[in-house]
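Written below as structure tokens is the structure these notes are about.
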Amino acid sequence: MSGYPEYMQGYLKLVETTRPDRVGKALRAMTADEKEQILRDWHPDYKMDQKRELKIGSSAGELMPHEVVNNLEAHPIISPGDIDLSNVTYDVDVLVIGAGGAGLSASLTAIEHGVAPDNVLMVQKLRLGDANSKMSQGGIQAANAPDDSPTMHYLDVIGGGHYVNKPDLVEAMVKEGPDVIRWHEELGVTYDKLEDGTMQLAPGGGTSRKRMHSCKDYTGLEITRVLIDEFINKEISYVEFTSVVELVMDDKGQVAGAVLWDMDHDDYKVARAKSTTLATGGFGRLHIQGFETTNHYGATNDGVVMAYHVGARLRDLDSTQFHPTGAAYPAQIVGQLCTEKLRARGAQPLNKDGELFVYPLETRDVEASALIRECYGREKGIITPTGMRGVWLDTPLIDIINGEGTIEREFAAMFRTFNKFGIDIREEPMLVYPTLHYQNGGVEINVQCETNVPGLYAAGEVCGGVHGKNRLMGNSQLDLYVFGRRAGRFAAERSKKATLGSLTLDHLDVYEKMLSDAGVETDRKAPILLPEYRGKRTLEHQLKLL
Amino acid sequence: MEENESEMVTIHVMGKKHRVPADLTIMKAMEYSGHQFRRGAGCRGGYCGACAAMYRVKGSYKLQGALACQKIVEDGMYIAQIPFSPAEKITYDLLELRPDANTFLEYYPEISRCLSCNTCTKACPQDIEVMDYVQASLRGDVEEAAKLSFDCISCGLCAVRCPAEIVPYNVGQLARRLNSRYLIGPTKHVIKRVEEVEAGEFDADIDELKRLDRKTLQERYEGREVKL
């Protein structure tokens, strides 16, 4: 029984017909010039009418997607007069905002560096651990193989990022990769291993070695749930369903905590802290250029907005990651991630004639551009019942190449998701199209995870600089733990020395003045905290792309 | 997309009746009907377990569980979300545990009340053999419990249905950490690489790359040997 509609059956036949000849075949990777050309012609980042210059603040003049500029050229939700800063509900040394991989690592590391568990407070908009970190499927990079090295990892990261990454951050990440994996195993994370006890490693787009460690295709889930379990074991204090709406400063110009919004009670509370770490994740739910997204419900760019209100510098926000393979069919799961590991284990992208059209492991920006070109440039995509276009991702090859049972064993999540809609990916391909996946840029940090604002640290997707203009698969997972642990350590050390002055929200008045001086007239407010899908908006899947 | 009345169904969300397009998931149908989630929504992709829901369909006595982000609405559905499962996660120091049945019995003694009724397995939206991993834990078969529970997303539906009041997902989490820490253990080549990094073996090479001008760096990248 096919899981696809009648009119697609002819196309599916073509995939089956060409399959035997495609086993073990791949087109060559593109040259540097070809890559540059296809990015220019087809990558959404290069559509200049989809961006504009930010008018205000420390990164004024930088080009960013309209959706991000809209979020930054917006009024803060609160005014200084709304909040009684003398009424402090939480008074701690270390405040961590966000409870994904970076926030959990920062909290666990802060207590290792001598902060008492009840002197750390983790604030989370949704539930403990609900974050993009948990949704990562394919793996985490670390140069652990005998034929690999942190040096090769460095080169892959910086070339993949188009040479604009911050070298010190890349160095920190690749060197600490092995220790992150060691730490995870010590905590009881279960990585996939071979019979001989060595790691089962896979390649990823743009890697020069097999460097991807995985936990089936539940890599992020497995790591996150172990960290959550340990976080609870350590009795670190936390509060869920509480959004941070603004950072609080003191009269010495330091960040000194945050204003929290208790979402169960619609009530504001004040947290005072000697150091504050942003681990709020990215912006998928802003639906840049109308793209569907792989991202978590809470990924609304809040951290970048709040950091900007206190004067933090931003970088690389002109660049957005579109994952090459989001689901294009069935409609219920459009935009959801189909892991890159599928291609790493042999699945091939095919056009409607059942032909290969791209090397399957180009970097994500290049691979995504090739899929877009195939659908809209060469008109070789399949059109879905809702009018979307997509290309095949020929998954049955995975079992043909690696042996029967591989899909069920290594891709339990993918198999389950598609099975619910009647598609057996062992027998039939997936239909895919690029989907909004990752905020490449963000708040600028140094290797100690400090921003340019004293007292404010940041780690994970909210930051920019680590991945340059394009992130490689498996490096966001690594980024979370490397920089999460660094933020925890340096925020803890600072908290032992810092003394706070009197609390203030005057920076919000300053921000309002910048908006009016720049002539920004708007009723937009940010951070937006929750995406808006009520009513008919839930049916909107309109791409502005083409 | 314009909805067509013939493709609409009736659902009852916490008792309130709504007409919604027939092809929406429970989550999107609730949003369509005007709800903005605070609790009960998470990854929206079946990975986080935040959106557990229970439902009955008109004309059937069967009480069923699902993830709201994965389940498509049916005509006559009565839906309640279970955004929180009331359960205590026991705290422990992993380094002081032993990977055997006594550990499970000490921390979660209620597993001995398992009636083998299989209600937990039937409730699982991930199709996990929940009862089998609870039983494996009782026997002290840590590896089996870890393996069987691996795809668990802790949505809590097993725990709210269990007549013996067991919280299976907590038991599975303990099993997996024990299995990894004690039965699988650390990976030798990872430890070796950590030591090499700490000894500074890669410092000079990375330092050199950091100092290269853009053009030379690009040449190095384009010319690097790819071994996959």
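For the record, the sequence lines run as chains A and B. One gets our numbering by counting positions in the first sequence from 1 and adding 34 to each. One gets our numbering by counting positions in the second sequence from 1 and adding 1143 to each. Just so you know, even glycine gets a beta-carbon here, dropped at the ideal spot from N, CA and C. If you're wondering where the values come from, they're calculated on a predicted model, not measured in any experiment.
Can you tell me which of the three DSSP states residue i falls into?
i: residue 31 of chain A; result: With chain A represented from 35 up to 580, any question about residue 31 of chain A goes unanswered, as that position is not in the structure.
i: residue 82 of chain A; result: helix
i: residue 309 of chain A; result: strand
i: residue 1170 of chain B; result: helix
i: residue 1308 of chain B; result: coil
i: residue 468 of chain A; result: strand
i: residue 1162 of chain B; result: strand
i: residue 46 of chain A; result: helix
i: residue 568 of chain A; result: coil
i: residue 247 of chain A; result: strand
i: residue 103 of chain A; result: helix
i: residue 580 of chain A; result: Low confidence applies here, because residue 580 of chain A scores a pLDDT of 36, under 50, leaving its location unreliable; read the following figure in that light. Looking at residue 580 of chain A - three-state DSSP - the assignment turns out to be coil, as it is neither helix nor strand.
i: residue 382 of chain A; result: strand
i: residue 360 of chain A; result: strand
i: residue 1152 of chain B; result: strand
i: residue 1290 of chain B; result: helix
i: residue 446 of chain A; result: helix
Need the endpoints of the beta strand (DSSP E) that residue i sits in, please.
i: residue 1180 of chain B; result: Neither: residue 1180 of chain B is in no beta strand (DSSP E) and is coded neither H nor E.
i: residue 296 of chain A; result: 289-296
i: residue 423 of chain A; result: 423-428
i: residue 1195 of chain B; result: 1195-1200
i: residue 317 of chain A; result: Run containing residue 317 of chain A: none; DSSP gives neither H nor E here.
i: residue 277 of chain A; result: 276-284
i: residue 515 of chain A; result: Segment 509-531 is the alpha helix (DSSP H) holding residue 515 of chain A; no beta strand (DSSP E) there.
Can you give the Cα-Cα distance for residue i and residue j, rounded to whole angstroms?
i: residue 279 of chain A; j: residue 250 of chain A; result: 37 Å
i: residue 1216 of chain B; j: residue 1155 of chain B; result: 10 Å
i: residue 483 of chain A; j: residue 1165 of chain B; result: 48 Å
i: residue 516 of chain A; j: residue 46 of chain A; result: 44 Å
i: residue 1457 of chain B; j: residue 1205 of chain B; result: Lying outside 1144 to 1371, the shown extent of chain B, residue 1457 of chain B is not represented and no answer is given.
i: residue 317 of chain A; j: residue 495 of chain A; result: 9 Å
i: residue 392 of chain A; j: residue 404 of chain A; result: 7 Å
i: residue 547 of chain A; j: residue 480 of chain A; result: 29 Å
i: residue 179 of chain A; j: residue 213 of chain A; result: 13 Å
i: residue 248 of chain A; j: residue 187 of chain A; result: 17 Å
i: residue 1326 of chain B; j: residue 440 of chain A; result: 23 Å
i: residue 580 of chain A; j: residue 410 of chain A; result: Confidence at residue 580 of chain A is low in this model, with a pLDDT of 36, below 50, so its placement is unreliable and the value that follows should be read with caution. Approximately 8 Å, taken between the alpha carbons.
i: residue 65 of chain A; j: residue 1163 of chain B; result: 50 Å
i: residue 163 of chain A; j: residue 274 of chain A; result: 10 Å
i: residue 575 of chain A; j: residue 1304 of chain B; result: Low confidence applies to residue 575 of chain A: its pLDDT is 47, below 50, so where it sits in the model is not reliable enough to give any reading.
i: residue 1350 of chain B; j: residue 139 of chain A; result: 27 Å
i: residue 560 of chain A; j: residue 544 of chain A; result: 15 Å
i: residue 1250 of chain B; j: residue 1295 of chain B; result: 20 Å
i: residue 1319 of chain B; j: residue 264 of chain A; result: 13 Å
i: residue 1182 of chain B; j: residue 1174 of chain B; result: 13 Å
i: residue 578 of chain A; j: residue 321 of chain A; result: Note that residue 578 of chain A has pLDDT 40, beneath the 50 cutoff, so the model's placement of it is unreliable and no number is given.
On the CB-based measure, 16 or more other CB atoms within 10 Å of its CB, does residue i come out buried or exposed?
i: residue 210 of chain A; result: buried
i: residue 312 of chain A; result: buried
i: residue 366 of chain A; result: buried
i: residue 205 of chain A; result: buried
i: residue 435 of chain A; result: exposed
i: residue 218 of chain A; result: buried
i: residue 1157 of chain B; result: exposed
i: residue 22 of chain A; result: Chain A is shown from 35 up to 580; residue 22 of chain A falls before or after that span and cannot be answered.
i: residue 358 of chain A; result: buried
i: residue 1260 of chain B; result: exposed
i: residue 306 of chain A; result: buried
i: residue 387 of chain A; result: exposed
i: residue 427 of chain A; result: buried
i: residue 397 of chain A; result: buried
Just to confirm, does residue i get its C-beta within under 7 Å of one of the non-hydrogen atoms of the ligand FMN?
i: residue 322 of chain A; result: With respect to the ligand FMN, the structure offers nothing, as it holds no ligand at all.
Please report the residue range of the alpha helix (DSSP H) in which residue i lies.
i: residue 493 of chain A; result: Where residue 493 of chain A is concerned, there is no enclosing alpha helix (DSSP H), given that its DSSP letter is neither H nor E.
i: residue 187 of chain A; result: 184-194
i: residue 71 of chain A; result: 66-76
i: residue 1352 of chain B; result: 1346-1354
i: residue 263 of chain A; result: 253-267
Q.
So if I threshold CB-CB distances at 7 Å, which residues from the region 1336-1348 of chain B count as touching chain A?
A. From the region 1336-1348 of chain B, only 1336, 1337, 1340, 1345, 1348 have a Cβ closer than 7 Å to chain A.
Q) Looking at chain B, which residues of the region 275-289 of chain A have a Cβ within less than 7 Å of any of its Cβ atoms? A) Within the region 275-289 of chain A, 275 place their CB atoms closer than 7 Å to a CB of chain B, listed in sequence order.
Q: Name, going along the chain, the residues of the region 456-476 of chain A whose beta-carbon falls closer than 9 Å to a beta-carbon of chain B.
A: The residues in question: there are none.
Q: Check each residue of the region 345-359 of chain A: if its Cβ is closer than 8 Å to any Cβ of chain B, include it; give the result in chain order.
A: Of all residues in the region 345-359 of chain A, none is placed with a Cβ closer than 8 Å to any Cβ belonging to chain B.
Q | Residues from the region 365-388 of chain A in contact with chain B, defined by Cβ distance under 8 Å | A | Within the region 365-388 of chain A, the qualifying residues are 365, 366, 367, 370, 371.
(Q) If the cut-off is 8 Å on Cβ atoms, which residues from the region 1159-1171 of chain B count as contacting chain A, listed in chain order? (A) Using a CB distance below 8 Å, the part of the region 1159-1171 of chain B facing chain A consists of 1164, 1166, 1167, 1168, 1171, ordered along the chain.
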